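A quick write-up on the structure given underneath.
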Amino acid sequence: MRTKSILIVDDEPRTRQGLKTMLEKWGAGRYRIMTADNGQDALLTLAETAIDLMITDIRMPEISGLSLAAQIKENPALHQPSIILISGYAEFDYAQQAIQLGVVNYLLKPISKDKLIEAVEQALEAGEERSRVGMMRKFVDPQLLDSNVNNANLSESVRDALTYMEEHIERTVTLREVADHVHLNASYFSVLFKEQLKMTFSEFVARTKLQKAKEMLLTTKLPISEIAERVGYQTAKYFNKVFKEYEGQSPGQYRSGLTGEPSDVQ
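Under the UniProt record's numbering, the first residue of the sequence shown carries the number 1, and numbering increases by one thereafter.
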């Protein structure tokens, strides 16, 4: 697992070093503590390094802490850390702007060790939650979200069918099998399903299986052949083919592109 990085940005050497020393003692080697003495250097660091948390003074020459936070937020190419602002002034306008920029905490100097550590722990936790949400968005199929899968207005037959399909995702289920399970004629069930879910039965099955597969590709180290089996594909080759049709890339490319790890199927 990557060591988390904390960047301290302050033009005052004593403050910068004092914060660094406190965090190094608290972190006991668990975190990489970096420093920058101005906003421009901080931006260069963020362009090159995955920073998890940035602690920056508000009042700095050239690029203020607020301006720095705004530039980071406006530039998706930069790593997007959680941000703590520090200031020697209790000014409402600063706090208000900080909230608008999504800053997770606002500390007044002089900063006690306890308050600093509490703020850092909260900010790192907020960053982890943001990462989890971001990860979820990477494998959720927007067309499944746009369907009525969670709609209370779905007929009882279709809701029962969805439950049955979910419970048997590890194997191939046919339209006729599901129609028989909900005691409907297969042709009628096919029409009803498409009308309520806004996609055909076969497309829904494929998208549901691939969404589950993407979740496993991102959150586990399971071989792709095993993931294919767990979502009901008899061969990794066919799974690879279907995945490419829907995602425009192979399962291996999808995994390595998002996790940076090499994969066993390309």
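Positions of the beta carbon are idealized from the N, C-alpha and C atoms, including for glycine.
As the structure is a computational prediction, the values presented were derived from the model and not from experiment.
Cβ-based burial, residue i [other Cβ within 10 Å; buried from 16]
{"i": "Pro223", "result": "exposed"}
{"i": "Met136", "result": "exposed"}
{"i": "Val103", "result": "buried"}
{"i": "Asn185", "result": "exposed"}
{"i": "Lys237", "result": "exposed"}
{"i": "Thr219", "result": "exposed"}
{"i": "Asp146", "result": "exposed"}
{"i": "Val140", "result": "exposed"}
{"i": "Lys214", "result": "buried"}
{"i": "Tyr254", "result": "buried"}
{"i": "Ser157", "result": "buried"}
{"i": "Tyr233", "result": "buried"}
{"i": "Asn153", "result": "exposed"}
{"i": "Pro142", "result": "exposed"}
{"i": "Gln266", "result": "With a pLDDT of 43 at Gln266, under the threshold of 50, the modelled position of this residue cannot be trusted, and the question is left open."}
{"i": "Asp180", "result": "exposed"}
Opposing strand residues paired with residue i [DSSP bridges]
{"i": "Ala36", "result": "Val9"}
{"i": "Asn105", "result": "Ile84"}
{"i": "Lys4", "result": "Tyr31"}
Start and end residues, beta strand (DSSP E) containing residue i
{"i": "Leu53", "result": "53 to 57"}
Check whether residue i and residue j have beta carbons under 9 Å apart
{"i": "Leu7", "j": "Met54", "result": "yes"}
{"i": "Gly88", "j": "Lys109", "result": "yes"}
{"i": "Thr85", "j": "Tyr94", "result": "The identity of residue 85 in the sequence shown is Leu, whereas the question assumes Thr. Yes. Within cutoff."}
{"i": "Ala206", "j": "Val242", "result": "yes"}
{"i": "Pro81", "j": "Leu46", "result": "yes"}
{"i": "Arg16", "j": "Asp37", "result": "yes"}
{"i": "Glu12", "j": "Gly39", "result": "no"}
{"i": "Ala69", "j": "Ala98", "result": "yes"}
{"i": "Gln26", "j": "Ile83", "result": "Sequence check: residue 26 is Trp here, not Gln. No. Outside cutoff."}
{"i": "Leu144", "j": "Asp52", "result": "no"}
{"i": "Leu197", "j": "Val231", "result": "no"}
Residue i, enclosing alpha helix (DSSP H) - first and last residue
{"i": "Gln196", "result": "186 to 197"}
{"i": "Pro142", "result": "142 to 146"}
{"i": "Ala90", "result": "Unbroken run through Ala90: none, as it is neither H nor E."}
{"i": "Leu66", "result": "65 to 74"}
Complete alpha helix (DSSP H) runs within the UniProt domain "HTH araC/xylS-type" (159 to 257) (minimum length 4 residues, chain order): Secondary structure within the UniProt domain "HTH araC/xylS-type" (159 to 257): the alpha helix (DSSP H) runs of 4 or more consecutive residues, fully enclosed, are 175 to 181, 186 to 197, 201 to 219, 224 to 230, 236 to 247 (chain order).
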